[in-house]
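Numbering (my numbering), first residue to last: 6 to 153. One structure below.
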């Protein structure tokens, strides 16, 4: 093999190796990193909504209908987005086993509690129950309890 052939062979192998590594990195990024990030964004949005709408769920039925409707829609939307973003994550069981992401049962239960919170905003007697739901949602999603 001549010196020129060795140079071309080395260059080709380097380029092909670079393309393979880049492709693998893109696959890992798309299927794992981005989907996990999207789920964490929704959990962050849930934390934000729990703080922002604390007055509405603590005193259900006592505030303006407009604010209750707004909170109702927000909690319901976050419940559906939490499930949707979680279902996008490949190898969910493996990642949740290592506590990288919340357990899928916790996601289901948190989503259910968000819908329950959404539905109870119009019932004046549900303030304590709503507080219990919020505590449970935070625990299930790993949101620090010092928030709210």
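From the three backbone atoms N, C-alpha and C, an ideal C-beta is built for every residue, glycine too.
Check                                                                                                                                                                                       : Outcome
What residue ranges within the segment 105-135 form continuous alpha helix (DSSP H) runs of no fewer than 4 residues, ordered along the chain?                                              : 109-124
Please list the terminal residues of the continuous alpha helix (DSSP H) segment that includes residue 35.                                                                                  : Taken as a continuous stretch (DSSP letters only), residue 35 belongs to no alpha helix (DSSP H), as it is neither H nor E.
What does the alpha-carbon distance come out to for the pair residue 33 and residue 133?                                                                                                    : 44 Å
Using a Cβ-based criterion (distance less than 8 Å to any ligand heavy atom), does residue 13 qualify as near the ligand COA?                                                               : Looking for the ligand COA in the displayed structure turns up nothing, as the structure carries no ligands at all.
Helix, strand or coil for residue 95 per DSSP?                                                                                                                                              : coil
Does the segment 12-22 come close enough to the segment 46-62 to have 3 or more Cβ pairs within less than 8 Å?                                                                              : no
Have a look at 48, 25, 82, 7 and flag the residue whose alpha-carbon is nearest the alpha-carbon of residue 111.                                                                            : 48
Give every residue of the same chain whose Cβ lies closer than 6 Å to the Cβ of residue 72, excluding the five residues on either side of it in the sequence, and list them in chain order. : 61
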